[in-house]
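Chemist: Below: one structure in structure tokens.
Residue numbers (the numbering used here): 10 to 82.
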């Protein structure tokens with residue numbers, strides 16, 4: 010069974026969802042939102058660690074990252 014991880018990154022945190030199955034038949038394995046503290050939002054390494062902690066146990070076939078445009082951030 011295929012697994013996919015989707016991450017939407019924005020200036021003050023990120024949302025994630027894990028989908029299991031196929032395009033026709035899938036289930037949501039996990040989902041959530043993580044908000045950065047004020048210091049994490051300014052420090053790229055801390056933000057990257059937060060994303061790495063969420064995706065650490067995930068073994069997927071595909072990871073999709075979406076970002077807002079620069080004018081929105």
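Backbone N, C-alpha and C define an ideal beta-carbon position, used for all residues, glycine too.
May I ask you to report which of helix, strand or coil DSSP gives residue 11?
Modeler: Reading the chain shown from its first residue, position 2 is the one you call residue 11. Here residue 11 sits in coil by DSSP.
Chemist: Across which residues does DSSP place residue 37 in a beta bridge pair?
Modeler: Translated into positions along the chain shown, residue 37 becomes position 28. Answer is 28.
Chemist: With distance defined between alpha-carbon atoms, name the residue in 57, 11, 63 nearest to residue 33.
Modeler: Stepping through the chain shown from its first residue, residue 33 is reached at position 24. Considering only alpha carbons, the answer is 11.
Chemist: In the DSSP assignment, find the unbroken alpha helix (DSSP H) run with residue 59 in it and report its ends.
Modeler: Numbered from 1 along the chain shown, position 50 holds the residue referred to as residue 59. It spans 53 to 64 - the alpha helix (DSSP H) in which residue 59 sits, taken as one unbroken run.
Chemist: Report the three-state DSSP secondary structure of residue 77 (helix, strand or coil).
Modeler: If you number the chain shown from 1, residue 77 lands on position 68. Three-state result, residue 77: coil.
Chemist: In three-state terms, what does DSSP make of residue 20?
Modeler: The residue labelled residue 20 in the question sits at position 11 within the chain shown. Looking at residue 20 - three-state DSSP - the assignment turns out to be coil, as it is neither helix nor strand.
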